[in-house]
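Trainee:
Residue numbers (our numbering): 356 to 616.
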């Protein structure tokens, strides 16, 4: 069973740490679920992934965070609160995480794995070292050394204009990209390039939820900016990358293996 810690007093501010057997040092995969940042989906999406990653000898941090919704129980999210939540959970690896892991966590070997909206969140986590001083999330305690975005929303402005997830992006950001341009410039992984860490986008060619163009645009721009960035596509849908045992999941775990090498 994973060990759970809280990083705030909201019901959604918690994370689940799964540790592999043994006593030696272990790298960490930060699992961030999707659901268009809305309250309809939660940490349950990441639990099968965390269990599989644990079986591969890695620690897995399955992060819950405040999302956009009407109830205090599951809502309370939006810019910058949602982003600050995932940042706080990752930074807590240095304190609560190490306490629960008996100092086994290799904090110089932490990578992100995020699906859909979670792809945006791990992309933003990877960008934290380059954020301007004083910006939400700047000055990370724990830095990612790379990330895998699973059908990620990597271009927030483009997603807002294209209606990806309906009004999901403006609901998260508090307006469209023209109305709150400064917020998009801080939150969108595409806008934060170069991230300075390797990125892998895994995306299905039959994805009808988040278009493949989101990953195509991001990886091309990341390479142009000097980042090591790669796109892996597969003949499947939006949910194949978070279905353990699928070829899409194998693409994700192979990418994680490379980032942690």
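Backbone N, C-alpha and C fix where the C-beta goes; we use that ideal spot for every residue, glycine too.
Determine the extent of the beta strand (DSSP E) in which residue 373 is found, giving its start and end residues.
Mentor: It spans 369 to 373 - the beta strand (DSSP E) in which residue 373 sits, taken as one unbroken run.
Trainee: Applying the criterion that 16 or more other CB atoms from any shown protein chain within 10 Å of the CB defines a buried residue, is residue 612 buried or exposed?
Mentor: With fewer than 16 other Cβ atoms within 10 Å, it is exposed.
Trainee: Check residue 445 in the structure and name its three-state DSSP category.
Mentor: DSSP places residue 445 in helix when its eight states are reduced to three.
Trainee: Between which two residues does the beta strand (DSSP E) holding residue 349 run?
Mentor: For the chain, the structure presents residues 356 to 616; residue 349 sits outside this window and is missing.
Trainee: Since residue 582 and residue 550 should fall inside the 8 Å C-beta cutoff, what is the C-beta to C-beta distance between them, to a whole number of angstroms?
Mentor: So it is a contact: roughly 6 Å between Cβ atoms.
Trainee: By DSSP, does residue 540 sit in helix, in strand, or in coil?
Mentor: Three-state DSSP puts residue 540 in a helix.
Trainee: Between which residues of its own chain and residue 443 is the CB-CB distance below 7 Å, once the five residues before and five after are set aside?
Mentor: So the qualifying residues of the chain are 362, 363.
Trainee: Rounded to whole angstroms, what is the Cα-Cα separation between residue 498 and residue 389?
Mentor: Distance between the alpha carbons of residue 498 and residue 389: 21 Å.
Trainee: Who are residue 360's beta bridge partners in DSSP?
Mentor: 370, per the DSSP bridge assignment.
Trainee: At a cut of 8 Å, does the stretch 446 to 466 reach the stretch 396 to 409 through at least three beta carbon pairs?
Mentor: Segments in contact, no.
Trainee: Count the other CB atoms, across all protein chains shown, that sit within 10 Å of the CB of residue 563; report buried if there are 16 or more and exposed otherwise.
Mentor: Exposed is the call here.
Trainee: Report the partner residues of residue 475 according to the DSSP bridge assignment.
Mentor: Bridge partners of residue 475: none, in fact.
Trainee: The beta strand (DSSP E) with residue 554 in it runs from where to where?
Mentor: Where residue 554 is concerned, the enclosing beta strand (DSSP E) stretches over 554 to 559.
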